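Student: Going by my numbering, 371 is the number at position 251 of the sequence shown; the sequence numbering is gapless. Please find one structure pasted underneath; my questions will follow.
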Amino acid sequence: MTNPPVDPTPEQGSELRLALRAATMYHLEGATQAEIAARLGVSRPTAGRLVARARAQGLVRIDIHVPPHLQGTVHADIERDLEERFGLSEALVVSDVTDGTPTGYGALGRAAATVVTRRLQPAHTLGFTWGPETVAVAQALPARSARCTQVVQLDGSMSSIGYQTGVDYTLGHCAEQLQAGPIRLNAPLYADPATVRALENDSVISRALDSGRDADMMMFGLGPVSTSTTLFEGSFIDSAVLDELHDLGAVGEIGGRFFDSNGADVASSLVARTVSVGLDAIRRCATTLLVSGGPKKHEAILGALRGGLAKVIVTDVECARWLLEQKEDGAK
Numbered sequence: 121m122t123n124p125p126v127d128p129t130p131e132q133g134s135e136l137r138l139a140l141r142a143a144t145m146y147h148l149e150g151a152t153q154a155e156i157a158a159r160l161g162v163s164r165p166t167a168g169r170l171v172a173r174a175r176a177q178g179l180v181r182i183d184i185h186v187p188p189h190l191q192g193t194v195h196a197d198i199e200r201d202l203e204e205r206f207g208l209s210e211a212l213v214v215s216d217v218t219d220g221t222p223t224g225y226g227a228l229g230r231a232a233a234t235v236v237t238r239r240l241q242p243a244h245t246l247g248f249t250w251g252p253e254t255v256a257v258a259q260a261l262p263a264r265s266a267r268c269t270q271v272v273q274l275d276g277s278m279s280s281i282g283y284q285t286g287v288d289y290t291l292g293h294c295a296e297q298l299q300a301g302p303i304r305l306n307a308p309l310y311a312d313p314a315t316v317r318a319l320e321n322d323s324v325i326s327r328a329l330d331s332g333r334d335a336d337m338m339m340f341g342l343g344p345v346s347t348s349t350t351l352f353e354g355s356f357i358d359s360a361v362l363d364e365l366h367d368l369g370a371v372g373e374i375g376g377r378f379f380d381s382n383g384a385d386v387a388s389s390l391v392a393r394t395v396s397v398g399l400d401a402i403r404r405c406a407t408t409l410l411v412s413g414g415p416k417k418h419e420a421i422l423g424a425l426r427g428g429l430a431k432v433i434v435t436d437v438e439c440a441r442w443l444l445e446q447k448e449d450g451a452k
């Protein structure tokens with residue numbers, strides 16, 4: 121036999137009515153807790169507790185409505201799930217699926233540019249690694265919508281062939297649009313270990329690397345461990361190095377530094393030969409923005425997120441859904 125509902129006491133009813141009035145003022149009238157307290161004759165903490173009680177008692181229901189013309193282009197639920205799953209500060213998901221071509225990063229670049237201009241502060245240093253993703257961000261940066269002190273290149277780009285890395289455009293355009301001083305890393309990405317040590321002791325090179333390590337915001341794409349990566353296409357690495365990286369479990373790279381499926385550094389022969397900011401500095405950076413997508417980079421993106429190499433991600437919706445389907449412990 122079901123017990124009949126118990127009517128609230130006059131005191132309980134009065135408290136509920138007060139909570140309902142406070143919630144109405146807060147959610148519908150836009151009143152602050154201080155204004156609610158003054159109008160209801162209660163303390164400010166009590167006003168806050170009344171609003172919270174109204175929510176707990178089910179007196180408040182909040183619906184977020186996406187206009188019909190934006191449905192299918194806004195992915196708030198997926199973004200929230202990504203943030204919770206990988207401990208991200210922000211996830212931004214675009215509907216355009218990245219096809220992996222240099223011109224296919226336009227939507228990601230435009231979305232990432234909004235993140236840069238929103239989060240960058242005048243006293244900040246912005247660091248970037250070269251690649252088609254950061255070129256797309258630079259192309260999308262509106263003039264004078266934000267500013268910073270310096271823009272610094274995080275990885276060497278010189279190669280034995282005339283491969284177009286886009287570093288000159290990214291550095292110059294970002295510096296111009298953000299009214300910042302450019303800092304170039306005039307060095308190869310890979311060299312023999314003795315040359316790397318000498319470069320790191322050079323006053324100009326060391327200044328660039330130190331500025332990069334201390335950057336307040338870093339933006340970067342990443343590459344898979346395959347012949348389709350820009351490092352292979354630009355003759356920065358060869359098939360023998362790729363084989364070594366595969367054997368060591370590498371799944372991706374940022375700034376020429378390779379990591380495994382859990383985002384841990386891979387101890388390959390390239391470590392002592394690399395001229396770039398290390399992955400440890402990326403993990404320490406306050407705001408790290410990963411801009412990447414497309415099926416070929418899914419595994420690399422997953423590894424980077426598991427390893428704490430990004431606090432903010434801009435990616436495409438198919439990649440976002442794939443990421444959420446993967447097991448959390450790194451097992452395949």
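Even glycine gets a Cβ: it sits at the ideal position worked out from N, Cα and C. Just so you know, these numbers come straight off a predicted model, no measurement behind them.
According to the Cβ coordinates, are residue 214 and residue 227 closer than 8 Å?
Tutor: Walking along the sequence shown from the start, residue 214 turns up at place 94. Walking along the sequence shown from the start, residue 227 turns up at place 107. Result yes, Cβ atoms of residue 214 and residue 227 sit closer than 8 Å.
Student: Which word fits residue 182, buried or exposed, when buried means at least 16 other C-beta atoms lie within 10 angstroms of its C-beta?
Tutor: Taking the sequence shown and counting its residues from 1, one reaches residue 182 at position 62. Residue 182 is exposed by the Cβ-count criterion.
Student: For the segment 371-381 against the segment 392-412, are there 3 or more C-beta pairs whose distance is under 8 Å?
Tutor: Taking 8 Å as the limit for Cβ pairs, the verdict is that the segment 392-412 does touch the segment 371-381.
Student: Is it buried or exposed, residue 353, if we count other Cβ atoms within 10 angstroms and call 16 or more buried?
Tutor: Your numbering for residue 353 matches position 233 in the sequence shown. Exposed, because fewer than 16 other Cβ atoms sit within 10 Å of the Cβ of residue 353.
Student: Bridge partners of residue 344, per DSSP?
Tutor: For the purposes of this step, residue 344 is identified with residue 224 of the sequence shown, where counting begins at 1. Paired residue(s): 372.
Student: So the alpha helix (DSSP H) residue 234 belongs to, where does it begin and stop?
Tutor: Position 114 of the sequence shown, counted from the first residue, corresponds to residue 234. Run containing residue 234: 226-239, per the alpha helix (DSSP H) assignment.
Student: My assumption, with CB atoms under 8 Å, is that residue 411 sits in contact with residue 257. Please give the rounded CB distance.
Tutor: Taking the first residue of the sequence shown as 1, we reach residue 411 at position 291. Taking the first residue of the sequence shown as 1, we reach residue 257 at position 137. 6 Å between Cβ atoms; contact.
Student: For residue 246, does the three-state DSSP call read helix, strand or coil?
Tutor: Here residue 246 refers to the residue found at position 126 when the sequence shown is read from its first residue. Residue state, collapsed to three classes: strand.
Student: Determine, using beta carbons only, whether residue 436 and residue 287 come nearer to each other than 8 Å.
Tutor: For the purposes of this step, residue 436 is identified with residue 316 of the sequence shown, where counting begins at 1. For the purposes of this step, residue 287 is identified with residue 167 of the sequence shown, where counting begins at 1. Contact flag unset, no.
Student: Specify the secondary structure class of residue 436 as computed by DSSP and reduced to three states.
Tutor: Reading the sequence shown from its first residue, position 316 is the one you call residue 436. Three-state DSSP puts residue 436 in a strand.
Student: Whether or not the segment 291-305 and the segment 323-343 are in contact is what I'm after, with contact meaning three or more pairs of Cβ atoms, one per stretch, closer than 8 Å; do they touch?
Tutor: They touch, by the three-pair rule.
Student: Any Cβ of chain C within less than 8 Å of the Cβ of residue 327?
Tutor: In the displayed structure, chain C is absent; only one protein chain is listed.
Student: Between the alpha carbons of residue 356 and residue 366, how many angstroms are there, rounded?
Tutor: Residue mapping note: residue 356 aligns to position 236 of the sequence shown, counting from 1. Residue mapping note: residue 366 aligns to position 246 of the sequence shown, counting from 1. Taking the straight line joining both Cα atoms gives about 16 Å.
Student: With DSSP as the reference, label residue 139 as helix, strand or coil.
Tutor: Numbered from 1 along the sequence shown, position 19 holds the residue referred to as residue 139. Three-state DSSP puts residue 139 in a helix.
Student: Figure out for me which residue from 276, 405, 255, 241 has the closest Cα to the Cα of residue 265.
Tutor: For this step, residue 265 is matched to residue 145 along the sequence shown. Selected option, being the one with the closest Cα: 241.
Student: Under 6 Å Cβ to Cβ from residue 199, same chain only, skipping five residues before and after it: list those, please.
Tutor: Residue mapping note: residue 199 aligns to position 79 of the sequence shown, counting from 1. 211, 213, listed in sequence order.
Student: Near residue 189, what residues of its chain come up, given a Cβ to Cβ distance below 7 Å and the 5 sequence neighbours on each side ignored?
Tutor: For the purposes of this step, residue 189 is taken as residue 69 along the sequence shown, with counting starting at 1. A caution first: residue 189 carries a pLDDT of 48, below 50, which makes its placement in the model unreliable, though a value can still be read off. Contacts found: none.
Student: What number of angstroms, rounded off, separates the C-alpha of residue 316 from the C-alpha of residue 364?
Tutor: Counting from 1 along the sequence shown, the entry for residue 316 is found at position 196. Counting from 1 along the sequence shown, the entry for residue 364 is found at position 244. One C-alpha to the other measures close to 21 Å.
Student: Which residues in the same chain have their Cβ closer than 8 Å to the Cβ of residue 312, if we skip the five residues on either side of it in sequence?
Tutor: Looking up residue 312 in the sequence shown gives position 192. If we look at residue 312 and ignore the five residues flanking it on each side, its Cβ neighbours are 393.
Student: For residue 177 and residue 446, I'd like the C-alpha separation in whole angstroms.
Tutor: For this step, residue 177 is matched to residue 57 along the sequence shown. For this step, residue 446 is matched to residue 326 along the sequence shown. If I take the Cα positions, the gap works out to 37 Å.
Student: If you follow the beta strand (DSSP E) that residue 297 is in, where does it begin and where does it stop?
Tutor: In the sequence shown, counting from the first residue as 1, residue 297 sits at position 177. From DSSP, residue 297 is part of no beta strand (DSSP E) but of the alpha helix (DSSP H) over 287-297.
Student: From the DSSP output, read off the bridge partner residues of residue 270.
Tutor: What you label residue 270 is simply residue 150 of the sequence shown in a count that begins at 1. Note: residue 270 sits in a beta bridge opposite 245, 301.
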